[in-house]
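K.L.:
Structure incoming, see below.
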Amino acid sequence: MALVDYRARRFDESLEILRSLTDGGRQTGDIFNLMAWCLYMKGNFKDAVAAMDLAIEREPSTVSNYLDLGMILLSRRSSRCDAGGRNQGGGSGPAVVSGPHAEGPGRGADDSS
C-alpha cells in the first residue's frame, strides 16, 4: 500500500505506513528507499538523503539505491541553480526525478496488507 500511496502522490499516508513497518522491525532497503522518495517529494531533503543512506546501509549491493541517491542529490543541486538564476530551465524542480522507478514493479515496501 505504501507504494500505491506514493504513486497517488499521498506522501503522508505512504510515510505513515513505512514508519509503522520500520517501527515494527521491518527495516529493509526497499522500505528506506521509498521513505526517502516520500520525504524528498515533501521537500524534506536532509531526511530524504538520510533515509537513502539507510537503504544503502541495509542493501549495499543494490545499485538502484546509489542511483536514486545520486538523482536526489543532483536534483537538489539543479534546484539551487534554478533559484540562483544560473539555470533557467523553468525552475519547477527536478525534471528527471520520478521516484521509485515510476512504472517499475513494486519493490517490497507496499506489501503491508
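Heads up: the sequence shown is residues 149 to 261, going by the working numbering.
Positions of the beta carbon are idealized from the N, C-alpha and C atoms, including for glycine.
In this text the structure is predicted, and so the values were computed from the model without any measurement.
1. Can the beta-carbon of L202 be found less than 8 Å from the beta-carbon of A150?
2. Quick one: grab the DSSP three-state call for R174.
3. Quick check: A199 and L215, are their CB atoms within less than 8 Å of each other?
4. Taking the alpha carbon of P208 as the reference point, which residue from S223, K190, D178 has its own alpha carbon closest?
5. Based on Cα-Cα distance, which residue from R225, M219, S226 lies nearest to A184?
6. Taking only beta-carbon positions, decide if S226 is within less than 8 Å of chain D.
7. Does the Cβ of D153 have 16 or more other Cβ atoms within 10 Å, making it buried, or fewer, making it exposed?
8. Suppose contacts are defined by Cβ-Cβ distances below 8 Å. Is F159 in contact with K190 by that definition?
9. Can you tell me whether A198 is helix, strand or coil according to DSSP?
10. Look at R206 and T176 and say whether their C-beta atoms are less than 8 Å apart.
P.N.:
Taking the geometry as given:
1. Numbered from its first residue, the sequence shown carries residue 202 at position 54. Numbered from its first residue, the sequence shown carries residue 150 at position 2. No.
2. The residue given as residue 174 occupies position 26 in the sequence shown. DSSP places R174 in coil when its eight states are reduced to three.
3. Taking the sequence shown and counting its residues from 1, one reaches residue 199 at position 51. Taking the sequence shown and counting its residues from 1, one reaches residue 215 at position 67. Against a cut-off of 8 Å, the Cβ pair of L215 and A199 comes out as no contact.
4. Here residue 208 refers to the residue found at position 60 of the sequence shown. Minimum Cα distance to P208 is reached at D178.
5. The sequence position of residue 184 within the sequence shown is 36, counting from 1. Of the listed residues, the one whose Cα sits closest to A184 is M219.
6. Protein chains in the displayed structure number just one, and chain D is not present.
7. Along the sequence shown, one-based indexing puts residue 153 at 5. The residue is buried, with at least 16 neighbouring Cβ atoms inside 10 Å.
8. By one-based count along the sequence shown, residue 159 stands at place 11. By one-based count along the sequence shown, residue 190 stands at place 42. Cβ atoms of F159 and K190: closer than 8 Å.
9. Counting from 1 along the sequence shown, the entry for residue 198 is found at position 50. Under the three-state reduction of DSSP output, A198 falls in the helix class.
10. For the purposes of this step, residue 206 is identified with residue 58 of the sequence shown, where counting begins at 1. For the purposes of this step, residue 176 is identified with residue 28 of the sequence shown, where counting begins at 1. Going by C-beta atoms, R206 is nearer than 8 Å to T176.
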